[in-house]
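Okay, structure first, notes after.
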Amino acid sequence: MQVTAILEPHKPLFSLLLSLALTATLASCGELSEEQAHQVDEALGDSLTSTTESWDVDMEIIEEGIKKMHLTGSYAATYTAKDSNTTRIKGPVDIQLYDSTGAVTTRASCNRAVYNADKAIFELFGDVRVNTSDNRHLESEYLRWGQDDNRITTPKFVIIKTPTDSIAGTGFEGTTDLVNYTITKPTGQFLVD
Numbered sequence: 001m002q003v004t005a006i007l008e009p010h011k012p013l014f015s016l017l018l019s020l021a022l023t024a025t026l027a028s029c030g031e032l033s034e035e036q037a038h039q040v041d042e043a044l045g046d047s048l049t050s051t052t053e054s055w056d057v058d059m060e061i062i063e064e065g066i067k068k069m070h071l072t073g074s075y076a077a078t079y080t081a082k083d084s085n086t087t088r089i090k091g092p093v094d095i096q097l098y099d100s101t102g103a104v105t106t107r108a109s110c111n112r113a114v115y116n117a118d119k120a121i122f123e124l125f126g127d128v129r130v131n132t133s134d135n136r137h138l139e140s141e142y143l144r145w146g147q148d149d150n151r152i153t154t155p156k157f158v159i160i161k162t163p164t165d166s167i168a169g170t171g172f173e174g175t176t177d178l179v180n181y182t183i184t185k186p187t188g189q190f191l192v193d
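Residue numbering for the sequence shown follows the working numbering, starting at 1 and increasing by one per position.
Structure (structure tokens):
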């Protein structure tokens, strides 16, 4: 009891000192140095990702005033971060590629696609079908198209049909018009004249 009686008269003084100490501490926390503010901004910038959603997607890629590609899909979500820009497109996805005169040279369709804008690469997934203007056809479950070199590749199984023959195999690399291509591991029967 005596301890309580001794502390009781000092209670208002103790509360005042505690309040002043807390106020000083909080006031100093509110001011960041320029370097600390920069570090906070950098940390937040690294962790922030923006997302944009679109329905009934209709996208064109135009280079130097010439339409190179037209894509349609049912839904797209674009994820943008500090070092990447990726768009995921749900299907059905339809793509048309154009030559320098504006004529459609190749049509492709698939269940879904991913476009990496930083690398200019399209990846097509699920029931991928490619048809060219000169009646060449490719079927696969996955296809990668590089815009810069205009080449398509897949490590998966492919079937290619042309007006004169048909070939299947695993692993493919070729041009989007399906005129020049290599199948890594061809399968099936071949007739050599």
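Quick reminder that beta carbons are idealized off the backbone N, C-alpha and C, glycines included.
The model shown is predicted, which means the values in this text are computed figures rather than measured ones.
In the DSSP assignment, residue 97 falls within the unbroken beta strand (DSSP E) covering 84-98.
From the listed residues 130, 58, 119 and 97, the smallest Cα separation to residue 142 is found for 130. Contact check between the region 73-85 and the region 53-61: three or more CB pairs, one atom from each, fall below 8 Å, which counts as touching.
In the structure shown, residue 141 adopts extended strand secondary structure according to DSSP, grouped into three states. Under the 10 Å beta carbon count, residue 55 is surrounded by fewer than 16 other beta carbons and is classified as exposed.
Beta-bridge partners assigned by DSSP to residue 136: none are found. Per DSSP, the unbroken beta strand (DSSP E) holding residue 186 starts and ends at 181-187. Pairing residue 119 with residue 125, the inter-Cα distance amounts to about 18 Å. Out of 91, 51, 35 and 68, the CA that lies nearest to the CA of residue 101 is found in 68. Per DSSP, the beta bridge partners of residue 124 are 113 and 143. DSSP, read as helix, strand or coil, puts residue 34 in helix.
Taking a cut-off of 8 Å on C-beta distances, the region 145-155 touches the region 167-175, as three or more cross pairs fall below it. DSSP places residue 73 in the strand class (E or B) of the three-state scheme. With contacts defined as CB atoms closer than 8 Å, residue 49 and residue 77 fail to qualify as a contacting pair. Short of 6 Å from the beta carbon of residue 145, and not among the five residues preceding or following it, lie these beta carbons of its own chain, in chain order: 122 and 152. Take residue 91, set aside five residues on each side of it, and the residues of its chain with a beta-carbon closer than 7 Å to its own are 73, 74, 110, 111 and 112, in chain order.
Taking each of 156, 138 and 184 in turn and checking the Cα distance to residue 166, the smallest one comes out for 138. Within the same chain, 85, 86 and 87 come within 8 Å of residue 117 by CB-CB distance, once the 5 residues on both sides are set aside.
Secondary structure note for residue 56: its beta strand (DSSP E) is the uninterrupted segment 50-63.
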